[in-house]
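Scroll down for the structure; my scribbles are underneath it.
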Amino acid sequence: MINKSLYIKSLVTVFTVTLFFSCKSNFDEVQKMGVSEDQPIGVAENINLKYTDSGRVTANLISPKMLDFTNRPFGYNEFPDGITLYMYDEQNQKNTVIADYAISYSETSLIDLQGNVVVTSHKKDTLFAEQLYYDQKKEWLFTNKPVTFRQGRDLINGNGFDSDSKFKQAQVLEIDGIITLNE
């Protein structure tokens, strides 16, 4: 009786080990099932996403639609219907970013904003551009496209812009002209 019980346990163990080692992992294939490589793996609508740091809201992203392509080798999130982004500093002062289209790359932390891009600081300095890049790691804004930058009473037109996210080091490149407004 003991030999028969030991024999059955041994058979079950051998069978289980054989199954375990003979099965190949198809996890990647299961993940891809039903998802075309040209399609996003996720779609979110009417986004109102709040980022917090130590309980304090630091940013609020609002967008009608987000497409998630993070399953690609160079993953990204696309906002085909535009974004509005509110960013709050330590004193809870609000800066605003608006764009008709945006794409955020996961690996590089770079955001490409396109179409009627408007960035307004809490001091009312305002940048108008057709395209603007934002490096999230360095907190840096830049473009080589035409821009208009309103700083105080000055309206500065040029080709290119380079600045920290707080406009403390804002610089319009290749200045075409400066207009001082009466207020």
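Numbering (numbering that gives the first Met the number 0), first residue to last: 0 to 182. C-beta atoms are modelled at their ideal positions from N, C-alpha and C, and glycine is treated no differently.
Got a sec, what are the start and stop residues for the beta strand (DSSP E) residue i sits in?
i: residue 58; result: 55–67
i: residue 98; result: 93–98
i: residue 113; result: 109–119
On a Cα-Cα basis, can you pick out the residue from the options that is closest to residue i?
i: residue 163; options: 141, 154, 37 and 157; result: 141
i: residue 82; options: 155, 147, 114 and 171; result: 114
i: residue 203; options: 154, 52, 102 and 50; result: What the structure shows of the chain is the stretch from 0 to 182, and residue 203 is not part of that stretch, so it cannot be assessed.
i: residue 86; options: 60, 171, 153 and 43; result: 60
i: residue 110; options: 151, 132 and 37; result: 132
i: residue 90; options: 56, 75, 43 and 178; result: 56
i: residue 124; options: 108, 171 and 138; result: 171
i: residue 70; options: 137, 152, 38 and 176; result: 38
One question on the structure: do residue i and residue j come within less than 8 Å of each other, judged by their Cβ atoms?
i: residue 62; j: residue 94; result: no
i: residue 100; j: residue 79; result: yes
i: residue 143; j: residue 157; result: no
i: residue 65; j: residue 46; result: yes
i: residue 112; j: residue 130; result: yes
i: residue 147; j: residue 166; result: no
Quick one: grab the DSSP three-state call for residue i.
i: residue 159; result: strand
i: residue 52; result: strand
i: residue 135; result: coil
i: residue 180; result: coil
i: residue 78; result: strand
i: residue 130; result: strand
i: residue 123; result: coil
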